[in-house]
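**Q**
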Amino acid sequence: MKAKKSRVILSGVSLLLVLCLLVGGTMAWFTDTEKVDTNFTAGILDVSVKPGEEGKTALDFKNLRPMLYENFYKELDKNEWNNDVTQGGTTGLKDSHYEPVPAYFKPVEITNEGTLPTKVKLSLEAGNGCADGEPILTKDNITITQDGSKQDCANRLAPVLKVFVYKLVGEDWTLVKGVNLNTAYDEAKANPDGVASENTAEEANSTYMTAMIPANGTAQYVIAGYLPETVGNAYQGQHYHGNLVLNAYQMDDTAAGNPDEGGSSSEDPDDPDRFEDNVTIEWRKNTADGALVDSKKATFESSTTVSATMYPAPEGYVYSPDAAGQSTAVTVDNETGAATPATVVFTVVREDVEDAVITVRYNNTLDTDDTADDVMLTTTQTVSLAAPGEYYIAAENAPDQSGRSRAAGKTRIDVPAIPEAGYVFDPDTQSIDVTVDAEGNAMPTEVTFNVRKSNAYVIIQYYDQALVGSYRDTVAATDGQQYTYATTTPVVANNLPSGYEFAAPDATTTITYPDDFDMENSTGDMSDTRVEYVMFQVKRTSEPTNPDFAGGDGSQEHPFLITNDDQLNAVRKYMDKPYYFEVGNNFSISTTKYEDWNPLGRDGSTVTEFIGNFNGAGYTISDFHANNEFVYPAGSGVGLFASIGTTGVVENLNFETPYSFGNDTVGVVAGLNKGLIQNCHLVDGGKVEGVGESTAQTIGNRVGGITGENQGTVRNCSSSVEAVGYINIGGLVGINFGTIEGCYSTGGVNTDYTSLAPSNELNVPVQYVGGLVGSNQRGATIVNCYNNTSEDVAGYNGVGGFIGYNAGTVQNCYSRSTGSVWSNRYMIAHRCIGAIDAAAGANPIATNVYYESNYTTANVNKGVNKTAAQLQSGTLTGIQDNSAWVCESGSYPKLAWEVA
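So the sequence shown is numbered by the working numbering: it starts at 1 and just counts up by one.
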C-alpha cells in the first residue's frame, strides 16, 4: 500500500543581487574579478520524515553575481580557492570588503527518523515576495544605477537563476547532473544574445531531484544559487523567494523516480489539493512589465479563460479602456494540477490621472533656408490633452490624419492662435504628433510651429547703373502684391529722384518673401520683419535739382540721399534748417580727402548745432578718422557732428573701427548731444581720445564712445571702442546730464594708463573713469544698460567697471569687468560704481544694479555683487521680468533689441 505523502517545507530561499556593473563594461555579465567570501554560516536542517511533521529555517543566498561556472565551483573544490573573496590570498581582499559577504552554497541535511527506508524528492516552488520590496533600476545605455526607491517584490530574479544540487562523492562535492530546481528559469532571458560559453554550467531542465534515505539514516546535499555569466544588468538587486519542498514516498513508489535522478513531476496525482492556488493573478501598472500593484492566488481545476471582468481592479486603479477586455487562456494539467501559464497579468492605470499640458511655441522663420536668423516669439500658448491618448496638433490647413492606417485613432487638436498680431503659420499645413501615456506623461511636452509676418515692408530703390535714390514704403504690402508705375498706394512715381524718370514705364515688380533673408537687410525697428527690396530702373532727364546729394529734396518724404563721403561732407551746408538726410548704402571715407574729419557744424571756432534728422538706415561708415587737436576751445566738440541740438536726431547708423581724437568733448557720433542718438553702434573696436592736460579739468575732459557729453537721450546704442582721457571718461558716454537707456559697451578705458603721464609739470589727476559712463551727474538717469569687457579700466581716483562717479539714478543694470579695475594711487576703484556723491543734498540711487564678483560691497549704492552663475541664473530682480531684457538661465542677460 502506498504510504501517505509527508510534504515538509524545508526552507525559504532568498536570493538577493546587489552588486553593480563596472561603468562602461561591455559584457552582459557581472565582472568575475569581484571576489566574494565563502565563509558563511548556513542553517542546518534536521527534519524527521513522519506524516504531519514540519519544520523550516531560512537559507539566505546574498550578493550573488553573474560569473563563470569554473570560478563559481571553486567555492567547493578542495584543491582550489578556499573562498571566492581571497582567491588563495591573491586579491588583497577580505570578507569585510563585502557588505554583505556573498553566499552561493548552503548545506542541507535530511534525517529519516522513521523505521522504514524512504524515497524523497527535493523540489522548489515559488513563494510570495518580501515586504522590503525590490529596488527600481534605471537603465542608461549599459550602466544600471540603483536610486534607493523600492517597488513591490515580484520574484524578478526567477527567469535567470539556476538552483543546483550537489552530493558528496568520496571527498568531492559533485553536481547532480540534469537538475535545476528552478522551474521558472528562462534561457532566452538569462542569455538574450545566445552567447556560446564552455564555462556556463550545463543547462538543466529537471524540476526535482530524487534521493533514498535508509531508516535512521542521513543524507547531506549542498543547494547552490548560480547566475550564469550572461545575465545582464537589469537583474541587479532583484529577488527570488521560494520554498524548498521535501516529499517522502515509500521505496516501491516507482513514479517518484530513481534515487539521485531528476524528473518532471513531484506531485501525487491522487492528492485532491494539487489544484490549490495554481494561478497567480497580478495587476501591473500601465504595461505587463510595469510595477506590481497587487496580486492574489486563484484555484482552477480545469482549463479556462481568465478575464479582467472576473476581478475588480485594485483600489485607486481602473482598467484602461484598451485593457478592459483583456483575458488569458489557462491550461490545467489534471494529473499534476499545474496551470499554464501560472501567472495571469492584467494592466491597470491610476484613477486620478490629470491631463497633460503641452507648451506651444511659435518660431518666426525669417529665412526659410537658414534657421540661424529665426526668432522665437516670447509669448507661448498651452494645450491640455486627456490621458491616455494619441493626438496630432494641427494648423488650419493640415491634412486630416484619420484616414491614414498608421495614424488610426489619433485625435486632431487645433493649434492655438498665434499670440502676437501680424503673423501667419508658415506653412499652414503643419502638424505635430503627441502621445500621452496612462500616467499623464506626454511626449513631447513642447511643440514649435513656424510662423512668419503676414506683411512685408518694402524699400523702393531707384538705379541708374548705381543707386541714385530710395525710400521706404509706409504701407505694409502683402505677399504677391504688384508694384507698378501707376500704383498710387504705395506711391512710386511721386518719389522719383530729382532729374530722373522710369526707364520702362510699363514695368511691374511683384513682392515675394525672400528665401535668402539676412538680418543685415533689415532696418531700424523692422529687424524682426521680412523686408523686400523693390528695384526700378530709371534714367536721367535733367540735372538733379541738388547736386550735393544723390537724390531727395531734404523733406521728410524725400530726404537728401547720401551714398558717399562727399555727400556726407555736404551736410555741413544744411545745418541751418531741420532737413532730413538718409544714407543709401555702406561707404568708406577717403583717407586722403578727409584724413582728419572736420566735425559737421564746426567752422573754425564757431559751432552750429545739428537740428535735423540723420537716418543711417542701418548702413555702415568705415574709415572714419577725426583728428582735431587744436588750442581749446577750437578742439572741443569732436565727432561726426560737433554738437546735436535739442531737436536733432541721429539714428540707425554704424561705424566700423572709428577713431576720434581731440582735446575736449570727444565722441564718434557727436562731441556734445542735446537731442536724440538712437540705434547707433561702434563695431570692431576703434578708439576715442581726449589728450589735453589741465588742472582746471577743462581739457582732456568728457570723452565717450558715442558722445563725450550727453544732455539729451542716448538709446539702444553700443560701443566697442577704447576710451582714453583724463577726467569724465566712459566707454559709451564721458559725462551724462540726460538719459541713457538700453545701451552697452565692451571696450576698455585707459588700458595703457602709463601713457597718460603729463608731459609737463602739471599733475593732472585721471579720475571719474567708467566702463560705460565716466560721470553720471545729479538729475541724470542710466537705465537698462550693461558693460561687459575683458579689457582694463584704469585711473587715479573714482574708477568703476561700470560708472566712475554717480550722483544720479541707476536702475536695472549690470556690469561684468573681467579685466583689471584699478587706481595707480590706491584711491577709489570698484568693479561697478567707483565714487558716489557724498555732498550735502546728494541722493545717488542704485536700484537693481549688479556686478560680477565673489566679494560683497557694504555700500549697496555701488551695486550688489553676484557670482558668474548668479548673473546667468535668469532670476535677477528688475531684469528678469523686464521687457527691455532677455534674461535666460545659462547665459548673461541681453537687451531685447540685441536678440530681436
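We treat Cβ as the ideally placed atom computed from N, Cα and C, and that holds for glycine.
Excluding the 5 residues preceding and the 5 following F275 in the sequence, name in chain order all residues of the same chain whose CB lies nearer than 6 Å to its CB.
**A** Only T299, E301, G337 meet the Cβ criterion.
**Q** Let me know if I136 comes out buried or exposed under the rule of 16 or more other beta-carbons within 10 Å of its beta-carbon.
**A** With fewer than 16 other Cβ atoms within 10 Å, it is exposed.
**Q** Classify N673: buried if its beta carbon has 16 or more other beta carbons within 10 angstroms, exposed otherwise.
**A** The residue is buried, with at least 16 neighbouring Cβ atoms inside 10 Å.
**Q** Any idea what DSSP makes of D273, helix, strand or coil?
**A** If DSSP states are grouped into helix, strand and coil, D273 belongs with the helices.
**Q** Residues in the same chain with beta-carbon distance under 7 Å from T382, minus the five sequence neighbours each way, listed in chain order, please.
**A** Cβ within range, chain order: V357, I358, T359, V360.
**Q** Using the C-alpha atoms, what's the distance from R412 back to Q401?
**A** Whole-angstrom Cα-Cα distance: 8 Å.
**Q** L159 by DSSP, collapsed to three states: which one?
**A** The sequence as given places Pro at residue 159; Leu does not occur at that position. Reduced to three states, the DSSP call for P159 is helix.
**Q** Enumerate in chain order the residues of its own chain whose CB-to-CB distance from Y850 is below 7 Å, with the five nearest sequence positions on each side excluded.
**A** Counting only Cβ-Cβ distances below 7 Å, and skipping sequence neighbours, we find Y814, G863, V864, K866, L871, L876.
**Q** How long is the line joining the alpha carbons of N71 and A219, rounded to whole angstroms?
**A** Between N71 and A219, the C-alpha separation is close to 26 Å.
**Q** So what does DSSP say about Q870, is it helix, strand or coil?
**A** Reduced to three states, the DSSP call for Q870 is helix.
**Q** Could you check whether K119 and M212 sit closer than 8 Å to each other, using their CB atoms as the reference points?
**A** Going by C-beta atoms, M212 is nearer than 8 Å to K119.
**Q** Buried or exposed: which applies to A224, given that a residue is buried once 16 or more other Cβ atoms fall within 10 Å of its Cβ?
**A** Label assigned to A224: buried.
**Q** Between the Cα of N586 and those of T751, F624, W597, spot the shortest distance and give me the residue it belongs to.
**A** Of the candidates T751, F624, W597, the one whose C-alpha sits nearest the C-alpha of N586 is F624.
**Q** Who are the Cβ neighbours of T343 in its own chain at under 7 Å, not counting the five residues just before and after it?
**A** Hits under 7 Å: T280, E282.
**Q** So, at 6 Å on beta carbons, what are the nonlocal neighbours of I729 in its own chain, with the 5 sequence-adjacent residues on each side left out?
**A** Here the set comprises V703, A723, V749, V769, G774.
**Q** Across which residues does DSSP place E651 in a beta bridge pair?
**A** Note: E651 sits in a beta bridge opposite N615, Q678.
**Q** Which residues share a DSSP beta bridge with K593?
**A** Paired residue(s): none; K593 is not in a bridge.
**Q** Kindly indicate which residue of D881, V650, S891 has the alpha-carbon position closest to the one of T379.
**A** Nearest of D881, V650, S891 to T379, Cα basis: D881.
**Q** Can you have a look at P893 and say buried or exposed, based on whether 16 or more other CB atoms are within 10 angstroms of its CB?
**A** Label assigned to P893: buried.
**Q** Which ranges does the beta strand (DSSP E) cover as unbroken runs of at least 3 residues, wholly within the stretch 336-394, from first to last along the chain?
**A** Here the runs fully enclosed are 343-350, 356-364, 381-385, 389-394.
**Q** Considering only the alpha carbon of each residue, which of T174, V165, E134 lies closest to N155?
**A** Cα-wise, what sits closest to N155 is E134.
**Q** Hey, could you find the ends of the beta strand (DSSP E) A234 is sitting in?
**A** Looking at the DSSP string, A234 is not in any beta strand (DSSP E), and its letter there is neither H nor E.
**Q** Residues in the same chain with beta-carbon distance under 6 Å from D437, minus the five sequence neighbours each way, listed in chain order, please.
**A** If we look at D437 and ignore the five residues flanking it on each side, its Cβ neighbours are P388.
**Q** Label G890 either buried or exposed according to how many other C-beta atoms from any shown protein chain fall within 10 Å of its C-beta, with 16 as the threshold for buried.
**A** G890 comes out exposed.
**Q** Count the other CB atoms within 10 Å of the CB of D852; is the residue buried (16 or more) or exposed (fewer)?
**A** Sequence inspection shows Glu at residue 852; the Asp mentioned does not correspond to that position. Answer is buried; the Cβ neighbour count reaches 16.
**Q** In the DSSP assignment, the beta strand (DSSP E) including A298 goes from what residue to what residue?
**A** Residues 292-298.
**Q** So V783 packs on N806, CB below 8 Å; how close in whole Å?
**A** Not really, about 13 Å apart at Cβ, beyond 8 Å.
**Q** Could you compute how far the alpha carbon of T230 sits from the alpha carbon of A126?
**A** Rounded to the nearest angstrom, the two C-alpha atoms are 23 Å apart.
**Q** Can the beta-carbon of N628 be found closer than 8 Å to that of P658?
**A** No, Cβ-Cβ distance for N628 and P658 is not below 8 Å.
**Q** Find the nearest neighbour of I735 within the set D294, F802, L116, T448, judged by alpha-carbon distance.
**A** With distances taken between Cα atoms, I735 lies closest to F802.
**Q** How would you call K453, buried or exposed, if buried means at least 16 neighbouring beta carbons within 10 angstroms?
**A** Counting Cβ neighbours within 10 Å, K453 comes out buried, since at least 16 surround it.
**Q** Rounded to whole angstroms, what is the Cα-Cα separation between Q236 and R65?
**A** Answer to the nearest angstrom: the Cα atoms are 8 Å apart.
**Q** Using only the alpha-carbon positions, how far apart do Q151 and A291 sit?
**A** Straight-line Cα distance between these residues: approximately 7 Å.
**Q** Rounded to the nearest angstrom, what separates V329 and D428 at their Cα positions?
**A** It should be pointed out that residue 329 corresponds to Ala in this sequence rather than to Val. Approximately 50 Å, taken between the alpha carbons.
**Q** On the three-state DSSP scale, how would you describe Q326?
**A** DSSP places Q326 in coil when its eight states are reduced to three.
**Q** In this structure, how does DSSP classify E187 when only helix, strand and coil are distinguished?
**A** In this structure, E187 counts as helix in the three-state DSSP scheme.
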